[in-house]
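Our numbering applies: residue 85 is where the sequence shown begins, and numbers increase by one.
Using N, Cα and C, we set each Cβ at its ideal position, and we do this for glycine too.
Just so we're clear, the structure is a prediction, and the values are computed from it rather than from any experiment.
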Amino acid sequence: MDTSQQLGDFLSTRRARLQPQDVGLPYYGTRRRVPGLRREELAQLAGVSADYYARLEQGRLDNVSFTVLDAVATALRLSDDERGYLYQLAHPPAPGDEPVAPVLRPALHALLAAMEQIPAYIVGHRTNILGWNHAATVLFGIDFATLPGPQRNWAHLVLLDPRLRTLLAGEQPVIARQITHDLRMRLAHRPGDSELRDLVDRMRSSSAQFDELWSSHDVVGVAHGVYHFQHPEVGPISLDYEFLPLTADPGVRAMVTYTIAPGEPGQRALRELITRSLRFGDAG
Numbered sequence: 085m086d087t088s089q090q091l092g093d094f095l096s097t098r099r100a101r102l103q104p105q106d107v108g109l110p111y112y113g114t115r116r117r118v119p120g121l122r123r124e125e126l127a128q129l130a131g132v133s134a135d136y137y138a139r140l141e142q143g144r145l146d147n148v149s150f151t152v153l154d155a156v157a158t159a160l161r162l163s164d165d166e167r168g169y170l171y172q173l174a175h176p177p178a179p180g181d182e183p184v185a186p187v188l189r190p191a192l193h194a195l196l197a198a199m200e201q202i203p204a205y206i207v208g209h210r211t212n213i214l215g216w217n218h219a220a221t222v223l224f225g226i227d228f229a230t231l232p233g234p235q236r237n238w239a240h241l242v243l244l245d246p247r248l249r250t251l252l253a254g255e256q257p258v259i260a261r262q263i264t265h266d267l268r269m270r271l272a273h274r275p276g277d278s279e280l281r282d283l284v285d286r287m288r289s290s291s292a293q294f295d296e297l298w299s300s301h302d303v304v305g306v307a308h309g310v311y312h313f314q315h316p317e318v319g320p321i322s323l324d325y326e327f328l329p330l331t332a333d334p335g336v337r338a339m340v341t342y343t344i345a346p347g348e349p350g351q352r353a354l355r356e357l358i359t360r361s362l363r364f365g366d367a368g
């Protein structure tokens with residue numbers, strides 16, 4: 085799918101979720117042929133001609149001004165993430181060299197190892213897991229080193245690996261939605277990344293859940309929050325995750341950490357589980 089088609093599909097799906105009464109337009113209760121606002125209604129709200137907006141939604145306009153994009157984004161009531169995504173689609177980055185294979189510096193490996201009680205891993209722009217610590221293997225119950233390259237990927241694990249689906253339990257749909265919508269933003273930022281496109285194609289063909297989420301054209305960034313796990317040894321635990329950007333190295337995107345506040349249910353049990361596992365590893 086080229087950028088112009090992505091732009092058209094994104095605008096039409098955002099328009100479809102708005103009703104006239106949502107934006108202060110008259111609504112007479114008559115049956116409408118299209119879901120949501122009509123193109124001419126959106127054009128009226130954005131202050132552009134209906135023909136101009138139609139050509140924009142059809143991807144037939146080049147070099148659309150940011151003033152017009154701002155007006156359209158405001159009329160569509162886009163979130164900050166959606167607004168940024170619209171800008172990227174309307175003004176895609178110039179094609180560049182194929183991204184280089186990411187390599188973690190020794191200092192990042194040392195940082196991961198030093199965080200003995202804090203599960204953490206480092207991801208690239210394709211949700212590929214580049215490095216991890218022992219605490220992360222204990223939390224997720226997976227030895228990442230044994231996974232084939234394509235499976236050592238957060239999107240693959242959450243949507244296709246039964247071990248992660250069991251651990252995440254009722255949280256899996258939330259995290260799957262977050263990953264899919266974030267990948268859509270990644271692809272707009274890196275349209276020349278053929279491996280990223282291959283990942284999206286592979287996930288769409290392998291996971292009906294991913295394909296449905298992708299087709300929604302929703303976008304959302306990742307920053308921080310809480311995940312609720314059902315751990316087979318610790319029981320139900322809630323972990324605060326932090327997405328910490330790493331910008332110094334090509335292909336390296338962020339470190340993700342998981343913590344439990346002192347005194348919270350499961351905090352002591354998870355700590356003891358990690359400690360026992362470390363001792364067992366040292367003894368072996």
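TODO: May I ask you to check if the CB of Val242 is nearer than 8 Å to at least one heavy atom of the ligand SAM?
DONE: You won't find the ligand SAM in this model; it holds no ligand whatsoever.
Task: Sequence-distant residues of its chain with Cβ nearer than 8 Å to Pro275 (five each side left out) - done: Thr87, Pro176, Pro177 and Pro179
TODO: Give the secondary structure of Glu326 by DSSP, where H, G and I count as helix, E and B as strand, and everything else as coil.
DONE: strand
- [ ] Determine the DSSP secondary structure at Met199, reduced to helix, strand or coil.
- [x] coil
Open item on the list: Which of the three DSSP states is assigned to Pro320 in this structure?
Closed with: strand
- [ ] Can you grab the Cα-Cα spacing for the pair Ala367 / Arg360, in whole Å?
- [x] In this prediction, Ala367 scores a pLDDT of 36, lower than 50, which makes its location untrustworthy; the coordinate-derived value is nonetheless stated afterwards. One C-alpha to the other measures close to 10 Å.
Task: Separation of Phe327 from Pro190, as counted between CA atoms - done: 20 Å
TODO: Measure the alpha-carbon distance for Ser96 versus Phe294 and round it to whole angstroms.
DONE: 20 Å
Task: Extent of the continuous beta strand (DSSP E) run through Ala138 - done: Unbroken run through Ala138 is the alpha helix (DSSP H), Ala134 to Glu141; no beta strand (DSSP E).
Open item on the list: Using only CA atoms, which one of Gln351, His308 and Pro119 lies nearest to Pro320?
Closed with: Gln351
Open item on the list: Quick check on the burial criterion: 16 or more other C-beta atoms within 10 angstroms. Buried or exposed for Asn237?
Closed with: buried
Task: Cα-Cα separation between Glu166 and Ala185, rounded to whole angstroms - done: 29 Å
Task: Rounded C-alpha distance that separates Gly168 from Ser149 - done: 14 Å
Open item on the list: So, for Ile263: in the same chain, excluding its five sequence neighbours on each side, which residues have a beta-carbon less than 7 Å away from its beta-carbon?
Closed with: Thr211, Trp238, Ala239 and Val242
Task: Host alpha helix (DSSP H) of Gly168 (start-end) - done: Asp164 to Ala174
Task: C-beta atoms of Ala138 and Arg123 nearer than 9 Å - done: yes
Open item on the list: Pull the bridge partners of Asn237 from the DSSP assignment, please.
Closed with: Asn212
- [ ] Would you identify the three-state DSSP class for His301, choosing helix, strand or coil?
- [x] coil
TODO: Tell me whether Gln103 sits in a helix, a strand or coil according to DSSP, three-state version.
DONE: coil
TODO: Identify every residue that forms a DSSP beta bridge with His308.
DONE: Glu326
Open item on the list: In the DSSP assignment, the alpha helix (DSSP H) including Val258 goes from what residue to what residue?
Closed with: Gln256 to His273
Open item on the list: Less than 9 Å between CB atoms is the rule here; does Leu252 satisfy it with respect to chain C?
Closed with: Looking at the structure shown, chain C is missing, and only one protein chain is on hand.
Open item on the list: Just to confirm, is the Cβ distance from Asp277 to Leu188 under 9 Å?
Closed with: no
Task: C-beta contact flag for Leu173 and Phe94 at 9 Å - done: yes
- [ ] Tell me whether the beta-carbon of Leu140 lies closer than 9 Å to the beta-carbon of Ala159.
- [x] no
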